[in-house]
Amino acid sequence: MCGLAGIISHNKNSSREFRLNIVRNMINEIEYRGPDDEQFFVNDKVALLFRRLSIIDIKNGSQPIYNEDKSIIIAVNGEIYNSKELIRQLRSNHTFRSSSDCEVLVHLYEEKGIAFLDDLVGMYSIALYDQNENKFFLARDRFGIKPLFYHNSPEELVFGSEIKSLLKHPKCPKEFNWREALTDPWISGAGSSHLSGASTFFKGIHQVQAGSFIEVNLFNNELNEVRYWCLEEILRSGSDRAHDKKYWIEGYHALLEDSVQKCLQSDVQVGSFLSGGIDSVAVTALASTHKNIPTFTVLSPSTYANEDAKYAHMISKEMGLTNHQVLFRQDDYSIIEPDTYKKLLWVCETPYCGPEQVYKFHLHKFAKKLYPNLKVILTGQGSDEFNGGYSTILSPAYENDWKGFLSSLDMMDENRIYRNSDTSNLRVWEENLGISPIAKSFLKEVSNDKFKGSPLDSYLLTKYRDLQMYNCWHEDRVAAVNNIENRVPFLDHRIVEFLAKIPEELKSELLWDKQILRKGLVSKVRDAYRFREKVPFFYGKDVKSTHRMMYNLLKANDYQLLSESLSRSTDILNPDHLYSIFSSMDDDPSLMNFEFLLRIVNMGLLSSMAAENTQSFQRESIVLSSLEIEDWSSEERLIATELGIKQIKIIEEDVFELSPGIEIIKSNDQKMYILNNEQVEFILLREDVGLWFEFLLKVNGENTMSEILNTLGLGREDIEDHLLEALEYNIICVKEALLERNL
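Using UniProt numbering, the first residue of the sequence shown is number 1, and each one after it goes up by one.
Here's what the structure looks like:
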């Protein structure tokens, strides 16, 4: 993980010194990406500056790198995992001055030209200057793991590893693109696929697309963007029907094991983020056969409730690895304060910033504090997207299988077509009749839809975009700001190309709920861990504690972040409506739609910070503590206490009554108001809470829970989550006293 920034002049109106000073300001904005070394190259056309985080060949791996006669200059942010094989092929004809994994690229380019990109296994963003051909290239790995942005104007092309570095250039636009952000289907939560390229949400600033390179002809300043790796073409290239399930499982795991081993290449310490889910378990299990690595886990009320933290502890213990459970205590507001969050948002430079980034930022920070020589973290990102990871979540409850998953994807693809302005008016037929009478083929014809792939292909291309705009993006930033490089073994193009060839008749067996991954780990991981049900990170049971943490962040300092987000955006956002939405969330203990409000606030903050262009990241002194756990089962009560969790044990003979000051007013059969000291505290709708609506009306301080359940014909599982929530928020209590029975 490193940082680069540069300028390509389209004219000669500025001096070398002037351009180098500008580039130095740009690279200083992202100095955390390369704390170990700084080098530059400058001539009449090009100014390039590079900051390095030293991981391989710490002493001799400085960049930019030159070929033997210094006619070709290259700077690389990332890792070339197959560099040793490439060096063996080239050593007889070239002189290598180091054992750096990146030096091989300058010589590979000499041999093959820009087609050398086809030979690479790894993650990288590359700036390459060929003085012989008077060309400059900007290139990016196949999944966009390593970032690279650019802005082009008649005077010059400006590029850098992060958007904020470009904003330091005096002529780069500093305007947030509200239209692009507000209409982005993933930001708004639209249930549709999306096939456009990855964007930045900043006007005039573009990503070098994953699997692409930009060629700049320095004779005439023309730009040409070329895709050298195309996922859509790979998905349409046809499947391989010559093999059985065993071949696919064994072949997949051979590639994954090789990818993990390659990701361990390092002259510094390596660690792993372990959530307890199958993806991080697989990476950690395979890595542990080669290195004894420390593991790091988020221990929060959410990961306690969904048991991620528990499984991470048990798995690490069985593997003989040290597991650090980093504590995120309930109601500890020092974890993230408004000014700290703004700095984190500026690091991430995307509206997608949220609780996941808060958790992982602190996890990286803890790891770096405890292990100063740790510069590499392995994660399980990229597994869900191509292994069928979301299949069980996206399939409907009434058809929870591969067929149901494909039906959901077909609906998402149809929604994508309806988003086209030419077809949007046709949606009224579905709204009137409950189901669309119009054939999808006609919709595609009307919309002039050129996409020829299946709904599954459309979905995979959507996830490919998501990887570039969310997963890889934020993993890079929260690691980089802590001087750590994030590595993602699942995002090896050899693995994805292999998966794309699985024939249709085997996909339901191999890709439903990531069976190809789970079955291949039979000799590495116990069944209890291999077949553990997927639990999204911090989501699931008790996600409300995470949402409440972020909600309280927006309330802090008299709504500081909400107010600042509106400072430059009242022509875009309606302040009264925004505050009304925020206030109404106090009536929803689960805060289920909070993340959409947070994205709106993020947009306003980014718009303001970009325009002012004065924000910079300064390291905070706070480093969270960890909880050393020897045996989870015997220490569970202590763990809950450390987290600040009230452990309430309910027995069916409990008699419940409304807590003092609480009054329930039933408006009609569909709505009730819960008052606290004559003030409306919550509004409950029958359609939202279901059977709990009926149960709450029967709470009278006389009947036991068992009696109420029997009267209504309900089971305890029908209302238990709502009951615990009502006890937590002191809406009801056990008669005479709120009995806290610690487990």
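A virtual CB, placed ideally from N, CA and C, is assigned to each residue, including glycine.
Note that the coordinates shown come from a computational prediction; the quantities given were computed from them, not determined experimentally.
Minimum C-alpha distance to residue i - residue among the options
i	options	result
Ala115	Asn292, Pro351, Glu215	Glu215
Ser196	Leu714, Met550, Met469, Asp576	Met469
Lys342	Lys440, Ser508, Met609, Gly251	Met609
Gly644	Gln330, Phe18, Asn602, His169	Gln330
Tyr333	Phe531, Pro173, Asn557	Asn557
Val446	Asn420, His151, Asn292, Ser14	Asn420
Arg210	Gly238, Leu231, Ala190, Asn415	Sequence check: residue 210 is Ala here, not Arg. Taking only the C-alpha atoms, the option nearest Ala210 is Leu231.
Tyr252	Glu720, Leu511, Lys146, Leu566	Leu511
His324	Val347, Ile293, Trp346	Ile293
Lys501	Met411, Thr183, Gly238	Gly238
Gln261	Thr284, Tyr559, Gly320	Thr284
Arg140	Tyr150, Glu133, Asn134	Tyr150
Leu218	Val655, Leu712, Ser625, Lys12	Lys12
Arg686	Leu433, His169, Met672	Met672
Asn43	Ser54, Gly61, Val23, Ser62	Val23
residue 794	Trp229, Asn448, Asn220	One cannot answer for residue 794 here, as it falls past the ends of the chain, which runs 1 to 743.
Local Cβ density within 10 Å of residue i, reported as buried at 16 or more and exposed below that
i	result
Arg241	exposed
Gln615	buried
Ile732	buried
Glu349	buried
Gln679	exposed
residue 745	Outside the modelled stretch of the chain, which goes from 1 to 743, sits residue 745, for which no answer is possible.
Gln670	exposed
residue 810	Nothing in the structure corresponds to residue 810, since the chain is present only between 1 and 743.
Gln647	exposed
Asp492	buried
Ala5	buried
Gly388	buried
Asp413	buried
Lys463	buried
Phe137	buried
His577	exposed
Val623	exposed
Val270	buried
Arg179	exposed
Ala397	exposed
residue 791	Summary: the structure shown does not reach residue 791, with the chain confined to residues 1 through 743, and so no result is reported for it.
Ser523	exposed
Ala528	exposed
Cβ distance (whole Å) where residue i is taken to contact residue j below 8 angstroms
i	j	result
Leu344	Phe361	6 angstroms
Asp101	Ser83	4 angstroms
Leu553	Pro301	In fact, because the Cβ distance is near 16 angstroms, the residues do not count as touching under 8 angstroms.
Ser193	Tyr459	6 angstroms
Gln701	Leu709	Per the sequence shown, residue 701 should be read as Gly rather than Gln. Between Leu709 and Gly701 the Cβ distance is about 16 angstroms, and since that is not below 8 angstroms, they are no contact.
Leu521	Ala282	6 angstroms
Leu50	Pro35	According to the sequence shown, residue 50 is Phe rather than Leu. With 8 angstroms as the limit, Phe50 and Pro35 do not qualify as a contact, their Cβ atoms being about 13 angstroms apart.
Leu86	Asn613	Not really, about 41 angstroms apart at Cβ, beyond 8 angstroms.
Gly144	Ala198	7 angstroms
Same chain, Cβ closer than 7 angstroms to residue i, five either side skipped, listed in chain order
i	result
Asn486	Ile377, Thr379, Glu475, Asp476, Ala479
Leu363	Phe273, Phe296, Val298, Val326
Leu506	Lys245, Trp248
Met314	Trp632
Arg518	Ile278, Arg530, Phe531
Pro351	Ala181, Ile187, Phe201, Arg599, Asn602, Met603, Leu606
Ser659	Asn730, Ile731, Ile732, Cys733
Glu156	Ile7, Ile8, Ser9, His10
Ser407	Glu399
Cβ-based neighbour list, residue i, same chain, cut-off 8 angstroms, excluding 5 preceding and 5 following
i	result
Leu743	In this prediction, Leu743 has a pLDDT of 41, which is less than 50 and means its spatial position is unreliable; what the coordinates show is noted afterwards. Hits under 8 angstroms: Glu636, Arg637, Ala640, Gln647, Lys649.
Asn318	Correcting the residue type first, residue 318 is Glu in the shown sequence and not Asn. Counting only Cβ-Cβ distances below 8 angstroms, and skipping sequence neighbours, we find Arg526.
Gln515	Gly388, Glu509
Same chain, Cβ closer than 6 angstroms to residue i, neighbours up to 5 away in sequence not counted
i	result
Glu175	Lys203
Val46	Ile8, Tyr129
Phe405	Ser391, Leu394, Ser395
Val226	Phe213
Ser565	Val601, Gly604, Leu605
His107	Leu90, His94
Continuous alpha helix (DSSP H) assignments of at least 4 residues falling wholly in the region 268 to 335
278 to 288, 301 to 305, 308 to 319
At 3 residues or longer, what runs of the beta strand (DSSP E) sit wholly inside the region 417 to 496?
485 to 487
Contiguous alpha helix (DSSP H) assignments of at least 4 residues, all confined to the region 1 to 35:
16 to 28
Could you give the uninterrupted runs of the beta strand (DSSP E) lying entirely in the region 117 to 143, keeping only those of 3 residues or more?
122 to 130, 135 to 140
Go through the region 564 to 627 residue by residue and report every complete run of the alpha helix (DSSP H) that reaches 4 residues or more, in order.
575 to 584, 594 to 612
Report the residue ranges of all beta strand (DSSP E) runs contained in full by the region 634 to 690; include only those spanning at least 3 residues, in chain order.
656 to 658, 662 to 668, 671 to 676, 679 to 685
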